[in-house]
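Top line first, the protein sequences correspond to chains H and A.
The letter at position 37 of the first sequence is residue 37 when you use my numbering, and the numbering goes up by one with no holes.
Basically my numbering = 1-based index in the second sequence + 220.
For glycine and all other residues, C-beta sits at the position ideal for the given N, C-alpha and C.
On a predicted model such as this, the values are computed, not experimentally measured, just so you know.
Quick notes on the structure that follows.
2 protein chains.
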Amino acid sequence: MASPSPAKPASRRGGPRVPATRFDRRLAKILTHATDVFYEKGYAGASMRDLSRASGMSLAGMYYYFESKERLLYLIQKHTFTTIMERLRERLQDESDPDQRIRIFILNHLEYFLANQKAMTVLSHEDDVLKNNLGAEIAALKREYYRICLELMDNYKRARGLEFSSRVAVLSLFGMMNWLYTWYNPRVDGDADELARQMGDTFLQGICSVNEGRAASQRK
Amino acid sequence: MASPSPAKPASRRGGPRVPATRFDRRLAKILTHATDVFYEKGYAGASMRDLSRASGMSLAGMYYYFESKERLLYLIQKHTFTTIMERLRERLQDESDPDQRIRIFILNHLEYFLANQKAMTVLSHEDDVLKNNLGAEIAALKREYYRICLELMDNYKRARGLEFSSRVAVLSLFGMMNWLYTWYNPRVDGDADELARQMGDTFLQGICSVNEGRAASQRK
DNA sequence: TATAATTTAGAACGAACGTTCGATAATCCT
DNA sequence: AGGATTATCGAACGTTCGTTCTAAATTATA
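Rendered as structure tokens:
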């Protein structure tokens, strides 16, 4: 209680939404710049000196805002995951049709992905680097996000009387969407709506006729 | 011409296939162990000391076999890519049906992926780390592999009179397959044949009915 | 077995790493 | 204005990094 104790949590609940504290605003800026650097060089490849240069702040000054490089990655991943999940829940509230609910999931994911491509890439690419408590917390968020999609898939199956592995279906869908970070080019590929429609069509039509008596893979 | 000159190419063409030279065999062992380490810690996160420990060879001794850590990654990626492409070409020779050719592509990819999961993960995950000549050479291999799949897709479209973006379709398919490295569990998910069937069905059924008058995404 | 070629390793290099410390500058409160 | 609090920084710490040098051990050749 006596120490100067920097790097505290500091963001109080329920305060005015946009302004926040001076501390929080500065931290948010740092997180944005750090996201750019992690995106360019990867977590392990980015040095604290790179990060401080990108933020226009001294190397030592950074440690006033967070206590380690590891925690910085944690803050980025946590914020990104929390935000995308928050938006998803809002959008799902107004819809009950199983087909549309999956389409909403896809659209929400792709919209956020393309609008925050660097953050989502850091989330996807640096998936296993956090260890212990920090890693466990992010892993829990990931599992929850996965579970939501799995539920949507199960409901869809039930509503249509289909039989296939929800697990493989959901993870294939994640693959289709998350792989975007390796190839998406806004000048060639469409916007989120267009991609969501194409991927949604492909995927939903695909799982719809799968496993119908194991004859689907026969020729002709 | 006077120097001891270690780290030469050394693998002669056309020699007896299995034995190879002493040098090549030892190098191959090192590549295998290095693949394990890169898989566990990532390229940037793995130190030369980690790699030497895994190979049971001294730190300095490693440099007799390759001239830098970067070149080591290059050797791993090049060998992996070359092998999977070689096998694909062999398998495609015997088949002319467009549908089946895509299924062969999927099966070949998944079989190799699951049999060489660590190497394929290193190939996928450390995609952008090689720079200059080395990076360009790997990128060229990747582009060729992509182009092959794109051609299969175009032929499929032509044969069935379909209209959709081959680019998005191919890259979505790559996403489905390559994302495997984040979730595949041999005890839960099936083997390559089973996965290839499920993904093949999903994907081919999916693109088959896509974009039919843009009505596919309508409700009910 | 002597000699040449190949293969290995100990020790050290300078550079870069993540983090800490104590002091200074800027801001806030009354 | 003045004292407390918040924010920033230069310099340095001890480690670890990729790589090199040189000499010794091992293997192949005669």
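- With serine 386 of chain A and methionine 373 of chain A assumed to form a contact (beta carbons below 8 Å), what rounded beta-carbon distance in angstroms separates them? 4 Å
- Query: Three-state secondary structure (DSSP) at glycine 200 of chain H?
  - Reply: helix
- the ligand FAD heavy atom lying under 7 Å from the CB of proline 406 of chain A: You won't find the ligand FAD in this model; it holds no ligand whatsoever.
- Query: Do three or more CB pairs link the region 298–307 of chain A to the region 263–283 of chain A at distances below 8 Å?
  - Reply: no
- Could you list the residues in the region 401–416 of chain A with a C-beta less than 8 Å from some C-beta on chain H, going in chain order? Thr402, Trp403, Val408, Asp409, Leu415
- According to a CB-to-CB cut-off of less than 9 Å, which residues of the region 373–393 of chain A neighbour chain H? Phe384, Ser385, Arg387, Val388, Ala389, Leu391, Ser392, Leu393
- Task: Determine the direct distance from the alpha carbon of asparagine 328 of chain A to that of phenylalanine 286 of chain A, and round the result to whole angstroms.
- Result: 30 Å
- Item | Distance between beta carbons of leucine 195 of chain H and leucine 123 of chain H, contact taken as under 8 Å | Incorrect: roughly 18 Å between the Cβ atoms, too far for contact.
- Task: List in chain order: all unbroken alpha helix (DSSP H) runs of 4+ residues lying wholly within the region 376–409 of chain A.
- Result: 386–398
- Quick one: grab the DSSP three-state call for alanine 215 of chain H. Reliability fails at alanine 215 of chain H, whose pLDDT of 38 lies under 50, so the model's placement of it is uncertain and the value that follows must be treated cautiously. Note: alanine 215 of chain H maps to coil in three-state DSSP.
- Query: Which residue's Cα is closest to the Cα of aspartate 244 of chain A: A/Asn375, A/Cys369, A/Tyr284, A/Asp348?
  - Reply: A/Tyr284
- Sufficient close CB pairs (3 or more, under 8 Å) joining the region 255–270 of chain A to the region 345–365 of chain A: yes
- Interface residues of chain H facing methionine 419 of chain A [CB-CB closer than 7 Å]: Ser172
- Query: In chain H, which residues lie less than 7 Å from methionine 396 of chain A when you measure between Cβ atoms?
  - Reply: Ser172, Gly175, Met176
- Item | glycine 420 of chain A to glycine 61 of chain H span [Cα, whole Å] | 53 Å
- Beta carbon proximity, glutamine 337 of chain A to chain H, threshold 8 Å: no
- Query: If we call anything under 8 Å between Cβ atoms a contact, is phenylalanine 301 of chain A one with leucine 361 of chain A?
  - Reply: yes
- Let me know if arginine 197 of chain H comes out buried or exposed under the rule of 16 or more other beta-carbons within 10 Å of its beta-carbon. buried
- Measure the C-alpha to C-alpha separation of leucine 204 of chain H and valine 188 of chain H and round it to an integer number of angstroms. 24 Å
- Message: Does the CB of glycine 281 of chain A have a neighbour CB from chain H at under 8 Å?
- Response: no
- Buried versus exposed, by CB contacts within 10 Å (16 or more), arginine 101 of chain H: buried
- Item | Per-residue burial, leucine 279 of chain A [other beta carbons within 10 Å of its own, 16 or more giving buried] | exposed
- Task: Could you confirm whether any beta carbon from chain H is found closer than 8 Å to the beta carbon of aspartate 270 of chain A?
- Result: no
- Task: For chain A, find out if any of its Cβ atoms is closer than 8 Å to the Cβ of threonine 80 of chain H; answer yes or no.
- Result: no
- Task: Check each residue of the region 84–99 of chain H: if its Cβ is closer than 8 Å to any Cβ of chain A, include it; give the result in chain order.
- Result: Asp97, Asp99
- Would you identify the three-state DSSP class for leucine 130 of chain H, choosing helix, strand or coil? coil
- Alpha-carbon spacing of histidine 345 of chain A relative to leucine 162 of chain H, whole angstroms: 34 Å
- Report the three-state DSSP secondary structure of phenylalanine 325 of chain A (helix, strand or coil). helix
- Message: Can you check whether the C-beta of threonine 255 of chain A is within less than 8 Å of a C-beta belonging to chain H?
- Response: no
- Alpha carbon to alpha carbon, what distance is there between glutamate 371 of chain A and proline 318 of chain A? 10 Å
- Task: Consider the Cβ of glycine 262 of chain A: report whether some Cβ of chain H lies at a distance smaller than 8 Å.
- Result: yes
- Query: Going along chain H, which residues have a C-beta under 8 Å from phenylalanine 423 of chain A?
  - Reply: Thr202, Gly206
- Skipping 5 residues on each side, what residues in its chain have a beta carbon closer than 7 Å to that of leucine 292 of chain A? Ala254, Phe286
- Tell me whether glycine 276 of chain A is buried or exposed, calling it buried when 16 or more other Cβ atoms sit within 10 Å of its Cβ. exposed
- What does a CB cutoff of less than 8 Å around threonine 341 of chain A pick up in its chain, not counting 5 residues either side in sequence? Tyr259, Tyr401
- Is glycine 45 of chain H close to chain A, meaning its C-beta is less than 8 Å from at least one C-beta of that chain? yes
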